[in-house]
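Structure first, commentary second.
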Amino acid sequence: RSDPLRWAQAGTMLSRSVRRINPRQLAPTLGVRCFSESGKDILAAVDAAKKANEAKGPFTGKSGVEAIRKAVNDRFHQVNEERYGKEEWAKICAEKKSGANVKTEDVKSIMQRMSDGLMDEKDEKPTQGTGRITQVIAAVVDVTFDDGNIPKILNALEVENHNIRLVLEVAQHLGDNTVRTIAMDATEGLTRGQSVIDTGAPIQVPVGEETLGRIINVIGEPIDERGPIPAKKTYPIHREAPTYTELGTGNDILVTGIKVVDLLAPYARGGKIGLFGGAGVGKTVLIMELINNVAVAHGGYSVFAGVGERTREGNDLYHEMIESGVIKLQEDGGCKGSKAALVYGQMNEPPGSRARVALTGLTVAEYFRDEEGQDVLLFVDNIFRFTQACSEVSALLGRIPSAVGYQPTLATDLGALQERITTTTKGSITSVQAVYVPADDLTDPAPATTFAHLDATTVLSRAITELGIYPAVDPLDSSSRMMDPRIIGDQHYNIARECQKILQDYKSLQDIIAILGMDELSEEDKLTVARARKIQRFMSQPFAVAEVFTGMKGKLVSLEDTIAGFESVAKGEMDDIHEQAFYMVGDLTEVQAKAKELAALVAEDDDSADADEGSTTKVDYKAQYAKFTQFIDGGASGSFA
1 RSDPLRWAQA
11 GTMLSRSVRR
21 INPRQLAPTL
31 GVRCFSESGK
41 DILAAVDAAK
51 KANEAKGPFT
61 GKSGVEAIRK
71 AVNDRFHQVN
81 EERYGKEEWA
91 KICAEKKSGA
101 NVKTEDVKSI
111 MQRMSDGLMD
121 EKDEKPTQGT
131 GRITQVIAAV
141 VDVTFDDGNI
151 PKILNALEVE
161 NHNIRLVLEV
171 AQHLGDNTVR
181 TIAMDATEGL
191 TRGQSVIDTG
201 APIQVPVGEE
211 TLGRIINVIG
221 EPIDERGPIP
231 AKKTYPIHRE
241 APTYTELGTG
251 NDILVTGIKV
261 VDLLAPYARG
271 GKIGLFGGAG
281 VGKTVLIMEL
291 INNVAVAHGG
301 YSVFAGVGER
311 TREGNDLYHE
321 MIESGVIKLQ
331 EDGGCKGSKA
341 ALVYGQMNEP
351 PGSRARVALT
361 GLTVAEYFRD
371 EEGQDVLLFV
381 DNIFRFTQAC
391 SEVSALLGRI
401 PSAVGYQPTL
411 ATDLGALQER
421 ITTTTKGSIT
431 SVQAVYVPAD
441 DLTDPAPATT
451 FAHLDATTVL
461 SRAITELGIY
471 PAVDPLDSSS
481 RMMDPRIIGD
491 QHYNIARECQ
501 KILQDYKSLQ
511 DIIAILGMDE
521 LSEEDKLTVA
531 RARKIQRFMS
541 QPFAVAEVFT
551 GMKGKLVSLE
561 DTIAGFESVA
571 KGEMDDIHEQ
581 AFYMVGDLTE
591 VQAKAKELAA
601 LVAEDDDSAD
611 ADEGSTTKVD
621 YKAQYAKFTQ
631 FIDGGASGSF
641 A
């Protein structure tokens, strides 16, 4: 796994001992599975050697091995010349006396794994199993294999003679040569007795730079109507998480430009971030803004996985990425220069697709991390839909449900996904995941299980949306492991905690205010309330992605300006400015500018009132105000008040 080139070379050496070779079975062993660039060259060389030897009799080991050895060695040197440069690679070869030495123990260690690809001289048929459909129940399909070649759990099967490419994933072995599978697409039109082929491996999806700028589905097929993806490599979607020795460490902050996030729950670069909230509180808008702020400015690659969400949102994101230059569409149909790949399995898809599309998106991101050493951004909207789809699949498979109807394997399913999202010694994946909270209940098993895997949690509150404050981040519920003075510094830490203290004091005073009114508070408490309301409004911010709806230009605020702004408010330096000036602005300079505008409007109102006094029709403003306050005190509803 660590060096596919040596793997291919070892395979060539091993093949010397094979008396008779099936070339199409051997070629994937040497190249396609481990090093797809050499796979095509090897296969072509083997086919040419076979044709040349047809007149002399069967294709034997010696001629085949020579053809394979030449193809592998040529490709090996070509790749390394591109990597190191011709002169540097020549020096390396000269120093080692051979550019492709392989130790005997390396060959011995992989002989058992290689043996699956080598053929018995009496049997040149492929080991692919062929079965037939025996039962179809919605997304569950039972397949019986007569020849006894039962596919492994998680293997991908393909239905033959079907109007679309339908992939089935093996979920259970039922006995009597029968397996139970989950369909990755609609099962309409399937019939009993239809032929099914075992591919011999899990679902394979294209990876690499060819996927950038493209939209693919759960099985790696392009769905953007821009033709096939010419990927040189494919990865299985089911992969092992990095080992302990491969994990990397780091405590860098990922600055988002969103004030409330950067101040109170800063994100870790290479960490896992969760955006929690019920329906309609702004999770998707916040994740879109993070894509706009972070991915657009980010030098590396981004992957977006749409899991069980609205197709319209996926379409909007695609066009926004084109407009912002993250995706660059060429006239020839290519996407050269694009920085993002999109993987969609929206809410109209079957549960099998929604349960696996997050793994497909993660697999695309893992390639950039492991093979290219990139710092990758992975956006998932919505991780709850992944859990929900796994729950549907579990019910279809007949498992007994656990708490609140969720699958008994909830923690296992989520852990298998989340543990692959991590920082390694080669690169990192920074993941931002929207998490739907059913009925606004954070103790629900799905969001509660997700909490355990995250480095930072941003909780969106319906109570804050009712105040008209967006983003509706709850400053007291949101948290981050980065909130440590040793990581973010004493100044940042102290200001964040001071703001939270003021907001907590205000929260505890709200019941008293509701019963007795503001007049019954002490002067100190009145000051706390005034500052808390200013902090609350200063946490609002216009978003670039919402500009078409609000008409307000989006604001991006640096971490230094954020800290300085909240420090001024918390210390009372802004006590003379009205709280309305803090609403929907960026930094303090905009607060001061808005305060001047509000003062000018008040002055205009005063002038118009003076003018009215000199006109024939006089308006008694004092009497009107007295009636209004009397009406309010008389018990108007809270929302009207």
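The opening residue of the sequence shown carries number 1 in UniProt numbering; numbering runs sequentially from there.
Glycine residues also receive a C-beta, built at the ideal position from the N, C-alpha and C atoms.
**Q.** Cβ-based burial, GLU349 [other Cβ within 10 Å; buried from 16]
**A.** Here residue 349 is taken as the residue at index 349 of the sequence shown, counted from 1. The residue in question, GLU349, is buried, as its Cβ has 16 or more Cβ neighbours within 10 Å.
Q: Could you pull out every residue in the same chain whose Cβ sits closer than 6 Å to the Cβ of LEU359, ignoring the five residues on either side in sequence?
A: Position 359 of the sequence shown, counted from the start, is the residue given in the question as residue 359. If we look at LEU359 and ignore the five residues flanking it on each side, its Cβ neighbours are ILE237.
Q | For TYR344, the three-state DSSP class (helix, strand or coil) | A | Position 344 of the sequence shown, counting from 1, holds the residue named residue 344. Strand, per DSSP.
Q. Which residue spans inside the segment 546-570 form an unbroken alpha helix (DSSP H) run of at least 4?
A. 547-550 and 559-570
(Q) According to DSSP, is HIS162 part of a helix, a strand, or is it coil? (A) Residue numbering aside, residue 162 sits at position 162 when the sequence shown is read from its first letter. Reduced to three states, the DSSP call for HIS162 is coil.
(Q) I'd like to check one pair, ARG533 with GLU590: are the Cβ atoms closer than 8 Å? (A) Taking the sequence shown and counting its residues from 1, one reaches residue 590 at position 590. Taking the sequence shown and counting its residues from 1, one reaches residue 533 at position 533. No, they are not a contact pair.
Q: Take every Cβ of the segment 450-459, pair it with every Cβ of the segment 267-286, and state whether three or more of those distances are shorter than 8 Å.
A: yes
Q: Just the C-alpha distance for VAL343 and ASP605, rounded to the nearest angstrom, thanks.
A: Residue mapping note: residue 343 aligns to position 343 of the sequence shown, counting from 1. Residue mapping note: residue 605 aligns to position 605 of the sequence shown, counting from 1. Roughly 55 Å between the two C-alpha positions.
(Q) Going by DSSP, what residue range makes up the alpha helix (DSSP H) through GLN418? (A) In the sequence shown, counting from the first residue as 1, residue 418 sits at position 418. GLN418 -> alpha helix (DSSP H) spans 410-418.
Q) To the nearest whole angstrom, what separates the beta carbons of ILE258 and GLN541, a pair I think is in contact under 8 Å? A) Your numbering for residue 258 matches position 258 in the sequence shown. Your numbering for residue 541 matches position 541 in the sequence shown. Correct: roughly 6 Å between the Cβ atoms.
Q: Please confirm whether ASN149 and ASP224 have their CB atoms less than 8 Å apart.
A: The residue you call residue 149 lines up with position 149 of the sequence shown. The residue you call residue 224 lines up with position 224 of the sequence shown. It is not a contact, given that the beta carbons lie outside the stated cut-off.
**Q.** Selection from LEU154, VAL159, ALA138 and ALA139 that minimises the alpha carbon distance to THR130
**A.** The residue you call residue 130 lines up with position 130 of the sequence shown. Cα-wise, what sits closest to THR130 is VAL159.
Q. Would DSSP call ARG180 helix, strand or coil?
A. By 1-based counting over the sequence shown, the position of residue 180 is 180. The answer is strand: DSSP assigns ARG180 an E or B state.
Q: Taking only runs that begin and end inside the segment 362-439, name each unbroken alpha helix (DSSP H) of 4 or more residues, in chain order.
A: 383-396 and 410-418
(Q) Buried or exposed, going by whether 16 or more other CB atoms sit within 10 Å of the CB of THR450? (A) Translated into the one-based positions of the sequence shown, residue 450 becomes position 450. Label assigned to THR450: buried.
Q | Which of helix, strand or coil DSSP assigns to ILE535 | A | The residue labelled residue 535 in the question sits at position 535 within the sequence shown. Helix.
Q: Could you check how far apart the C-beta atoms of ALA496 and MET483 are, in whole angstroms? I think they sit under 8 Å.
A: Walking along the sequence shown from the start, residue 496 turns up at place 496. Walking along the sequence shown from the start, residue 483 turns up at place 483. Yes, ALA496 and MET483 are in contact; Cβ-Cβ is about 7 Å, under 8 Å.
Q. Which partner residues of GLN541 appear in the DSSP bridge assignment?
A. Numbered from 1 along the sequence shown, position 541 holds the residue referred to as residue 541. The partner list for GLN541 (beta bridge, DSSP) is empty, contrary to what the question assumes.
**Q.** Terminal residues of the beta strand (DSSP E) in which TYR493 lies
**A.** On the sequence shown, residue 493 is found 493 positions in, with the first residue counted as 1. Not the beta strand (DSSP E): TYR493 falls in the alpha helix (DSSP H), residues 490-516.
**Q.** With 16 other Cβ atoms within 10 Å as the buried cut-off, status of GLN510
**A.** Along the sequence shown, read from residue 1 onward, the residue named residue 510 stands at position 510. Exposed, since its Cβ has fewer than 16 Cβ neighbours within 10 Å.
Q: Using three-state DSSP, classify THR191 as helix, strand or coil.
A: Here residue 191 refers to the residue found at position 191 of the sequence shown. Coil.
Q.
Would the segment 173-187 count as touching the segment 140-147 if we require 3 or more Cβ pairs under 8 Å?
A. yes
Q: Measure the Cβ-Cβ separation of ASN292 and ALA472 and say whether it is below 8 Å.
A: To locate residue 292, count along the sequence shown from 1; it is residue 292. To locate residue 472, count along the sequence shown from 1; it is residue 472. In this structure, ALA472 does not lie closer than 8 Å to ASN292 by Cβ.
Q: Assign ASP332 to buried or exposed, taking buried as 16 or more other Cβ atoms, counted over all protein chains shown, within 10 Å of its Cβ.
A: Position 332 of the sequence shown, counted from the first residue, corresponds to residue 332. Answer is exposed; the Cβ neighbour count stays below 16.
Q. Measuring CB to CB, does TYR267 end up less than 8 Å from LEU254?
A. Numbered from its first residue, the sequence shown carries residue 267 at position 267. Numbered from its first residue, the sequence shown carries residue 254 at position 254. Yes, these two residues count as a Cβ contact at 8 Å.
Q) Under a Cβ-count criterion, where at least 16 other Cβ atoms within 10 Å of its own Cβ denotes burial, should HIS492 be classed as buried or exposed? A) As a position in the sequence shown, residue 492 is number 492, starting the count at 1. Counting Cβ neighbours within 10 Å, HIS492 comes out buried, since at least 16 surround it.
(Q) Give me, in chain order, the residues of the same chain whose beta-carbon lies closer than 8 Å to that of THR234; leave out the 5 immediate sequence neighbours on both sides. (A) Position 234 of the sequence shown, counted from the first residue, corresponds to residue 234. So the qualifying residues of the chain are SER36, GLN204, VAL205, PRO206, VAL207 and GLY220.
Q.
For the structure I just gave you, are there three or more beta carbon pairs, one from the segment 412-431 and one from the segment 363-370, closer than 8 Å?
A. yes
(Q) Less than 6 Å between C-beta atoms, sequence neighbours within five positions excluded: which residues of the same chain meet that for LEU378? (A) Here the question's residue 378 lines up with position 378 in the sequence shown. Contacts found: VAL303, ALA365, ILE429 and SER431.
Q | Simplified DSSP assignment, three categories, for LEU476 | A | Within the sequence shown, the letter at position 476 stands for residue 476. If DSSP states are grouped into helix, strand and coil, LEU476 belongs with coil.
Q: Have a look at ASN382 and LEU601 and give me their C-alpha separation to the nearest angstrom.
A: Residue mapping note: residue 382 aligns to position 382 of the sequence shown, counting from 1. Residue mapping note: residue 601 aligns to position 601 of the sequence shown, counting from 1. So the two alpha carbons sit approximately 44 Å from each other.
Q: State the start and end residues of the unbroken alpha helix (DSSP H) segment that holds ILE464.
A: For the purposes of this step, residue 464 is taken as the residue at position 464 of the sequence shown. Counting along the chain, the alpha helix (DSSP H) containing ILE464 begins and ends at 462-466.
Q) How about LYS426: is its C-beta nearer than 8 Å to some C-beta of chain C? A) Absent from the structure is chain C; it holds one protein chain and no more.
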